[in-house]
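A quick write-up on the structure given underneath.
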Amino acid sequence: FDHLDNFYTNAGDCKRGYELNLECFKQVAKKEFISPNFENLNPKEDEILLYSANPSYQFGRFSNRASAINEVIFLGVSENLAKEKNLKDKDLVKLKIKDKELSLSVRVDKDIKNGAFLPYFDEKLDTLSFFDERFVVANLEKLGTNHE
Numbered sequence: 003f004d005h006l007d008n009f010y011t012n013a014g015d016c017k018r019g020y021e022l023n024l025e026c027f028k029q030v031a032k033k034e035f036i037s038p039n040f041e042n043l044n045p046k047e048d049e050i051l052l053y054s055a056n057p058s059y060q061f062g063r064f065s066n067r068a069s070a071i072n073e074v075i076f077l078g079v080s081e082n083l084a085k086e087k088n089l090k091d092k093d094l095v096k097l098k099i100k101d102k103e104l105s106l107s108v109r110v111d112k113d114i115k116n117g118a119f120l121p122y123f124d125e126k127l128d129t130l131s132f133f134d135e136r137f138v139v140a141n142l143e144k145l146g147t148n149h150e
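Using this note's numbering, you'd call the opening residue of the sequence shown number 3 and step up by one each time.
Okay, structure coming up:
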């Protein structure tokens with residue numbers, strides 16, 4: 003099809019010597035989005051709503067192998083949740099999710115609002131096994147401080 007005219011008019015209209023049939027490339031969603039069941043996610047007094055996510059600079063378990071990033075797992079909490087639960091950076095907490103427990107330090111994150119997240123970038127700790135869905139209700143207990 004190289005012998006067909008392809009040009010732009012003075013008005014900027016693109017004139018092609020051929021027409022592309024793009025109908026065969028149109029896609030229809032085959033699956034419907036199912037939102038999480040938030041009715042079961044009502045935290046009580048000593049519980050929090052926990053999200054399974056990594057910080058933006060840790061895009062997976064492999065990224066933590068880089069010597070510039072290599073870090074220990076933590077519980078990321080929003081500023082307002084930290085204030086509500088009387089938590090500060092490096093405080094030690096115990097997370098209980100169903101039959102599993104994990105003790106780790108807190109990192110207050112000014113970029114998140116109203117919640118907490120548990121990263122899964124650390125290969126040594128399988129934090130993904132704590133989650134049946136992206137959100138879970140977790141029991142949070144403050145253990146002490148770890149200010150160094």
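Idealized CB from N, CA, C, for every residue including glycine.
Around the beta-carbon of Leu97, 16 or more other beta-carbon atoms lie within 10 Å, marking it buried. Per DSSP, the unbroken alpha helix (DSSP H) holding Lys85 starts and ends at 81 to 86.
For Ile99, the uninterrupted beta strand (DSSP E) segment begins and ends at 94 to 99. Rounded to the nearest whole angstrom, the C-alpha separation of Leu104 and Ser80 is 19 Å. The beta carbon of Glu143 sits closer than 6 Å to the beta carbons of Lys96 from its chain, once the five residues preceding and following it are set aside; these are given in chain order. Nearest C-alpha to Asn88 among Ile114, Asp48, Val74, Asp101: Asp48.
Per the DSSP secondary-structure output, Asn141 pairs in a beta bridge with Glu49, Lys98. Here Phe27 carries a helix assignment [DSSP, helix/strand/coil].
DSSP, read as helix, strand or coil, puts Phe76 in strand.
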